[in-house]
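J.: Just so it is clear: in the sequence shown, position 76 is 76 by this note's numbering, and no numbers are missing. One structure, as structure tokens, below. Some questions next.
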Amino acid sequence: MTSLDETARRLLDDRNVAVLGTVRPDGSPQTSVIWVLRDGDALLFSTLARRQKARNLAADPRVSVAVYDAANPYVSVEIRGTAELLPDPERALPRALSHKYLGTDPPEDEPGEERLVIRVTPERVVTFSA
Numbered sequence: 001m002t003s004l005d006e007t008a009r010r011l012l013d014d015r016n017v018a019v020l021g022t023v024r025p026d027g028s029p030q031t032s033v034i035w036v037l038r039d040g041d042a043l044l045f046s047t048l049a050r051r052q053k054a055r056n057l058a059a060d061p062r063v064s065v066a067v068y069d070a071a072n073p074y075v076s077v078e079i080r081g082t083a084e085l086l087p088d089p090e091r092a093l094p095r096a097l098s099h100k101y102l103g104t105d106p107p108e109d110e111p112g113e114e115r116l117v118i119r120v121t122p123e124r125v126v127t128f129s130a
């Protein structure tokens, strides 16, 4: 695992949204705007098992996550790494994310939905500041 520098940690800890890049089954890229939390040097985000990004990551765990400072878009970080899919039956992560970004509880998932935590282990971190 690669360590996150101070800029990357600040960008992830603030309420900046991230863009997740995954690889589709045909090899083409897919991007998704996500909310993200930091756990040490790992990144955490939440999704439903039926979503395309979850299916992409189950087949190919390579990811790229880009975050820029909403107050100054000339400060950014790209984190490349490997994702792990973990169950989240208590929906703890969506609650934490919703409180970080909106200050409130999230709406309930539909009955029968499977909620996942995606944990990204950084392998390369590139920060930019102009």
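Beta carbons are placed, not taken as given, at the ideal position from N, Cα and C, and that holds for glycine.
Is DSSP giving P87 helix, strand or coil here?
T.: strand
J.: Would you kindly work out how many angstroms separate the C-alpha atoms of G112 and T47, rounded to a whole number?
T.: So the two alpha carbons sit approximately 14 Å from each other.
J.: Report the partner residues of E78 according to the DSSP bridge assignment.
T.: A66 and V126
J.: Note the first and the last residue of the continuous beta strand (DSSP E) segment covering L44.
T.: A42 to L48
J.: By a C-beta neighbour count over all protein chains shown, 10 Å radius and 16 as the cutoff for buried, is V63 buried or exposed?
T.: buried
J.: Under the assumption that A66 contacts E78 (Cβ atoms under 8 Å), give the Cβ distance between them as a whole number of angstroms.
T.: 5 Å
J.: I'd like the span of the alpha helix (DSSP H) that includes T7, first residue to last.
T.: E6 to D13
J.: Could you give the distance in angstroms between the alpha-carbon of L97 and the alpha-carbon of V19?
T.: Whole-angstrom Cα-Cα distance: 15 Å.
J.: Specify the secondary structure class of N16 as computed by DSSP and reduced to three states.
T.: coil
J.: In angstroms with no decimal places, state the Cα-to-Cα distance between T72 and F45.
T.: The sequence as given places Asn at residue 72; Thr does not occur at that position. Answer to the nearest angstrom: the Cα atoms are 23 Å apart.
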